[in-house]
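Enquirer:
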Amino acid sequence: MKDAEPKRYFLKTFGCQMNVYDSERMAESLAREGYGETDNPEAADLVILNTCHIREKAAEKVYSDLGRLRDMKERRRKDGKETVITVAGCVAQAEGAEITTRQPAVDLVIGPQSYHKLPELVARSKSTRTNIVETEFPGDEKFTRMKAPRRIASPSVFLTVQEGCDKFCTFCVVPYTRGSEFSRPVARIEAEARELADAGAKELVLLGQNVNAYHGEGAGGRSANLAELIRVLASIGGIERIRYMTSHPRDMDNELIAAHAEVRELMPFLHLPVQSGSDRILAAMNRKHSAAEYIDIIARLRKARPDIALSSDFIVGFPGETDQDAEETIALIKAVGFAQSFSFKYSARPGTPAAGRDGQVPEPLKGERLQRLQAVLDSQQTAFNAQSLGNAVPVLFERIGKSGEIVGRSPHLQLVHAVGPGDLVGRTARVAIDDTRRSGLSGVIAAA
Ligand code: SAH
Ligand code: SF4
Ligand code: F3S
14 MKDAEPKRYF LKTFGCQMNV YDSERMAESL AREGYGETDN PEAADLVILN TCHIREKAAE
74 KVYSDLGRLR DMKERRRKDG KETVITVAGC VAQAEGAEIT TRQPAVDLVI GPQSYHKLPE
134 LVARSKSTRT NIVETEFPGD EKFTRMKAPR RIASPSVFLT VQEGCDKFCT FCVVPYTRGS
194 EFSRPVARIE AEARELADAG AKELVLLGQN VNAYHGEGAG GRSANLAELI RVLASIGGIE
254 RIRYMTSHPR DMDNELIAAH AEVRELMPFL HLPVQSGSDR ILAAMNRKHS AAEYIDIIAR
314 LRKARPDIAL SSDFIVGFPG ETDQDAEETI ALIKAVGFAQ SFSFKYSARP GTPAAGRDGQ
374 VPEPLKGERL QRLQAVLDSQ QTAFNAQSLG NAVPVLFERI GKSGEIVGRS PHLQLVHAVG
434 PGDLVGRTAR VAIDDTRRSG LSGVIAAA
């Protein structure tokens, strides 16, 4: 049965880059089914929330959105229009049928490994008018069966190469929401990268919850590591830049460090979360490395690539964290020097080992520790950006900004604003940096 009017979908993405990638793939498969995109949920026949479960706030936001969507669905029904409300992503995987109990307006709950079934399940939900919950873990089916052609919205594209995590940090839901580690075969990633390059991609951002644990099937059925994968992708014509995230310190092997010295396309920037600078807390988090080992990895990276810039994630207020532990984290930050970072208050997540532990830190104390930590990180970021003042920095332009300037990224992932022609989007040009702040750089085009 065909609707008289064209079908439209509204898709909202929460959480990490892996969700952004999945949303892009879902959008492509919906386009193939004849759906057009809308940024107005009131106009959508299909609403998808691609959700994140990492911290309580992220998960709760979904339910407040769903409350509004329920009212909207009701209004549309009065106008004779049907709406299929879909919850995808990590809340879908973690909570499954609980979601439809808590918010019965939800028609479809679909976990991250089942997106290839999305069009089919939407159709089934419409015809049966029942709630559907699909949270199986069928391995790599998602990637092999999402066959719609890749489109690009920016010259910098995400490419998921690995999914899942076997590390089981005691605070984290990811091993439960994304399942165990799985790496896509090199040949499939290469084919997708070529398709993206043909569509105009200049930068590949290789994604995985544990991307440097990558061990996909390579040439001759042999297992290939991330360093080998990067070398294969770097040889694709048109690909000028490669990045990868997120890495774990335990998987930062010598070959990958050597790739930073040798592969010109690999950008001098690494996001390597450390979470804490206290060995006691690192052990309680099950991170399986010490603060000194982390600092040693950074030293080896800097030896291989002296201009490499670092970024990290930090958690403050993990159960049992003392003032002394918090000070040790600040000492580590001062010892390393980060170009940017993300820091969070510990959020107890249902089903994770740390959630039920003694020594939960009161919220106000977490807030104080976070402020102190962020003050140090902010001043490091400001100082890092200030080093670019007066330099001519190669910028890959990604888009036209709100006030008409062109916006791109430096090799060190700094956001750069410049005045220049819109046709520089998709190209790299040198920008003479004449202003810096914590949030980024700005300047004038020096040479294309
Ligand atoms: N795989 C990556 C990142 C996973 S989630 C890694 O190993 O580092 C992204 C970040 O969210 C984590 O690095 C961590 O800093 C933060 N995070 C994860 N669980 C959290 C929790 N329960 N409370 C607060 N922050 C959390
Ligand atoms: Fe979560 Fe730890 Fe796995 Fe990262 S390594 S996804 S923080 S369990
Ligand atoms: Fe969130 Fe899932 Fe990513 S919990 S951070 S969307 S892997």
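Using the working numbering, you'd call the opening residue of the sequence shown number 14 and step up by one each time. Where is the CB? At the ideal position from N, CA and C, for every residue including glycine. What you are looking at is a predicted structure, and each value in this text was computed from that prediction instead of being measured.
1. Of all the beta strand (DSSP E) runs that stay within the bounds of the stretch 99-166, which reach a length of 3 or more residues?
2. Is it buried or exposed, Lys-379, if we count other Cβ atoms within 10 angstroms and call 16 or more buried?
3. Per the contact definition of three or more C-beta pairs closer than 8 Å, is the stretch 79-97 in contact with the stretch 44-63?
4. What is the DSSP secondary structure of Gly-47, counted as helix, strand or coil?
5. Which of the three DSSP states is assigned to Arg-180 in this structure?
6. Between the Cα of Asn-53 and the Cα atoms of Glu-46, Lys-86 and Val-75, which residue gives the shortest distance?
7. Can you check DSSP and say which residues form a bridge with Ala-405?
8. If we call anything under 9 Å between Cβ atoms a contact, is Ser-196 one with Tyr-227?
9. Look up Asp-52 in the DSSP assignment and say whether it is helix, strand or coil.
10. Around the Cβ of Ala-56, are there at least 16 other Cβ atoms within 10 angstroms (buried) or fewer (exposed)?
11. Return the chain-ordered list of same chain residues with a C-beta closer than 7 Å to the C-beta of Gly-330, the five sequence neighbours on each side being excluded.
12. Can you tell me which of Asn-32, Gln-106 and Ile-98 puts its alpha carbon nearest to the alpha carbon of Asp-120?
13. From Val-389 to Leu-219, what does the alpha carbon distance come to, in whole angstroms?
14. State the beta-bridge partners of Ser-356 as determined by DSSP.
15. Quick one: residues in its chain with C-beta nearer than 7 Å to the C-beta of Glu-154, no 5 flanking neighbours on either side, listed in chain order?
16. Whole-angstrom Cβ separation of Gln-30 and Met-258, contact assumed at under 8 Å?
17. For my contact list, Phe-410 and Gly-417 are in at a C-beta cut-off of 8 Å; report their separation, rounded to the angstrom.
18. Taking the alpha carbon of Ala-210 as the point to measure from, which residue in Ser-169, Cys-185 and Pro-188 has its own alpha carbon closest?
19. Are the Cβ atoms of Thr-365 and Thr-114 separated by less than 9 Å?
20. Please state whether the Cβ-Cβ distance between Lys-215 and Thr-441 is less than 9 Å.
21. Hey, would you say Val-187 sits closer than 9 Å to Cys-103, going by beta carbons?
22. Can you list, in chain order, the residues of its chain whose CB lies under 6 Å from that of Met-14, leaving out five sequence neighbours each side?
23. What are the residues that DSSP puts in a beta bridge with Gln-288?
24. Measuring only the C-alpha atoms, how far is Arg-313 from Gly-28?
25. Determine the burial state of Glu-111: buried for a count of at least 16 other Cβ atoms within 10 Å of its Cβ, exposed for fewer.
26. Collect the residues with a C-beta less than 6 Å away from any heavy atom of ligand 2 and give them in sequence order along the chain.
27. What does a CB cutoff of less than 6 Å around Thr-395 pick up in its chain, not counting 5 residues either side in sequence?
28. Phe-282 to Ala-322, Cα distance in whole Å?
29. Use the C-beta contact count for Ala-475: other C-beta atoms within 10 angstroms, 16 or more gives buried, fewer gives exposed.
30. For the stretch 171-253, list the beta strand (DSSP E) runs that are entirely contained and at least 3 residues long, ordered along the chain.
31. Taking the C-alpha atoms as reference points, what is the distance between Asp-16 and Ser-167?
32. For Ile-202, tell me which candidate among Arg-244, Asp-338, Cys-185 and Ser-127 has the shortest Cα-Cα distance.
33. Would you grab the beta carbon distance between Glu-341 and Ser-291 for me? Rounded to a whole angstrom, and I think it's under 8 Å.
34. Counting along the chain, where does the beta strand (DSSP E) carrying Thr-64 start and finish?
35. Is it right to say Thr-96 is buried, meaning 16 or more other beta carbons lie within 10 angstroms of its own, or is it exposed?
36. Where do the N-terminal and C-terminal ends of the beta strand (DSSP E) with His-430 fall, by residue?
Expert: Quick answer:
1. Secondary structure within the stretch 99-166: the beta strand (DSSP E) runs of 3 or more consecutive residues, fully enclosed, are 121-123 and 145-147 (chain order).
2. It counts as buried.
3. Remark: three or more beta-carbon pairs, one from each stretch, lie closer than 8 Å, so the stretch 44-63 and the stretch 79-97 are flagged as touching.
4. Reduced to three states, the DSSP call for Gly-47 is coil.
5. It should be noted that the sequence gives Lys, not Arg, for residue 180. Three-state result, Lys-180: coil.
6. Among Glu-46, Lys-86 and Val-75, the Cα nearest to that of Asn-53 is on Lys-86.
7. Answer by DSSP bridge pairing, in chain order: Ala-445.
8. Taking 9 Å as the Cβ cut-off, Ser-196 and Tyr-227 qualify as a contacting pair.
9. Here Asp-52 sits in coil by DSSP.
10. Result: exposed.
11. Excluding residues within five positions, the ones whose Cβ falls inside 7 Å are Lys-358, Tyr-359, Val-374, Leu-378, Lys-379 and Arg-382.
12. Selected option, being the one with the closest Cα: Ile-98.
13. Annotation: Val-389 to Leu-219 spans about 29 Å, alpha carbon to alpha carbon.
14. Paired residues: Phe-327.
15. Same-chain partners within the cutoff: His-129.
16. Contact holds; Cβ gap of about 7 Å.
17. Not quite, the Cβ-Cβ distance comes to about 13 Å (not below 8 Å), so this is no contact.
18. Closest in alpha carbon position to Ala-210, among Ser-169, Cys-185 and Pro-188, is Ser-169.
19. Not in contact: Thr-365 and Thr-114 (Cβ atoms no closer than 9 Å).
20. Against a cut-off of 9 Å, the Cβ pair of Thr-441 and Lys-215 comes out as a contact.
21. For the pair Val-187 and Cys-103, the CB atoms are nearer than the 9 Å cut-off.
22. Note that Met-14 scores 45 on pLDDT, short of 50, meaning its location in the model is unreliable and no value can be drawn from it.
23. According to DSSP, Gln-288 shares a beta bridge with Phe-327.
24. A straight-line Cα-Cα distance of about 31 Å links Arg-313 and Gly-28.
25. Label assigned to Glu-111: exposed.
26. Residue list for ligand 2: Cys-178, Lys-180, Phe-181, Cys-182, Cys-185, Val-187, Pro-188, Gln-222, Asn-223 and His-261 (CB closer than 6 Å to any heavy atom, chain order).
27. Within the same chain, Thr-395 has close Cβ partners Arg-451.
28. When rounded, the distance between both Cα atoms is 5 Å.
29. Because residue 475 is not part of the residues shown, which for the chain are 14 to 461, the question remains open.
30. Entirely contained in the stretch 171-253, the beta strand (DSSP E) runs reaching 3 residues are, in chain order, 216-220, 228-230 and 236-238.
31. Residue placement at Asp-16 is flagged as unreliable, the pLDDT there being 48, under the threshold of 50; a coordinate-derived value is accordingly withheld.
32. For Ile-202, the nearest C-alpha among the options comes from Arg-244.
33. Rounded to the nearest angstrom, the Cβ distance from Glu-341 to Ser-291 is 4 Å, consistent with a contact under 8 Å.
34. Note, Thr-64: beta strand (DSSP E), 59-64.
35. Buried is the call here.
36. Counting along the chain, the beta strand (DSSP E) containing His-430 begins and ends at 428-432.
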